[in-house]
Amino acid sequence: MKTLWAILGLSVMLSAADGGALFQKCAACHGLKAEKPALGKSEVIAGWKADKTIEALKGYKAGTRNTKGMGAIMKGQTASLSDADMKTIADYVAGLK
1 MKTLWAILGL SVMLSAADGG ALFQKCAACH GLKAEKPALG KSEVIAGWKA
51 DKTIEALKGY KAGTRNTKGM GAIMKGQTAS LSDADMKTIA DYVAGLK
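In the numbering used here, the protein residues as written are 1 to 97.
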């Protein structure tokens with residue numbers, strides 16, 4: 001049982017590390033801990049529920065979301081993200097407070 005908990009703990013730590021690494025390209029606008037309104041326009045996204053972040057990222061990637069005129073910038077930022085990348089980023093952002 002201890003082994004299972006150790007594996008689960010390691011998995012969570014690796015996921016957080018991956019989320020932090022993936023979030024680095026977001027940090028220039030959103031801040032290192034997602035604490036800034038991007039370019040002074042968007043909401044602070046730190047602590048957003050993962051589902052909300054995934055929905056936003058998918059909308060930007062598809063070109064169907066253009067919140068506060070950020071659609072074109074975010075479409076470019078999300079173009080290379082896989083669904084798994086989006087989930088990892090969303091989980092990371094949800095953990096930021």
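All C-beta atoms, glycine included, are put in the ideal place defined by N, C-alpha and C.
Predicted model, so just to flag it, every value in this text is computed and none were measured.
By the criterion of at least three beta-carbon pairs nearer than 8 Å, the region 54-70 is in contact with the region 32-41. At a Cβ-Cβ threshold of 7 Å, A21 and K33 do not count as neighbours. Taking C-alpha positions only, G19 is separated from R65 by approximately 22 Å. Note on geometry: alpha-carbon atoms of A27 and G63 lie some 21 Å from one another. Rounded to the nearest angstrom, the gap between the Cα atoms of L57 and M86 is 7 Å.
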